[in-house]
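To start, the structure itself, in structure tokens.
Put into structure tokens, the structure is as follows:
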């Protein structure tokens, strides 16, 4: 089963810095990538990565 290990991190309530979440459907076991860079996000999308939206906001 699952074991609660406490709070992993806190998100920024002011939503200052979005962390974009992408998924590589072509990876053998699947792969997620997180970035704060919109240009990196856009480049990965052009390579076939699926954009899954903003995962959370960082500080």
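Residue numbers (my numbering): 1143 to 1201.
In this text, a Cβ means the ideal position worked out from N, Cα and C, and glycines have one as well.
- Between residue 1199 and residue 1183, the CB-CB gap reaches or exceeds 8 angstroms.
- Annotation: residue 1181 is outside any beta strand (DSSP E); the continuous alpha helix (DSSP H) that includes it extends over 1180–1188.
- Sequence-distant partners of residue 1168 (beyond 5 residues in either direction) whose C-beta falls short of 7 angstroms from its own C-beta, in its chain, are 1190.
- For residue 1192, the uninterrupted beta strand (DSSP E) segment begins and ends at 1192–1200.
- Residue 1153 has its alpha-carbon roughly 13 angstroms from the corresponding atom of residue 1162.
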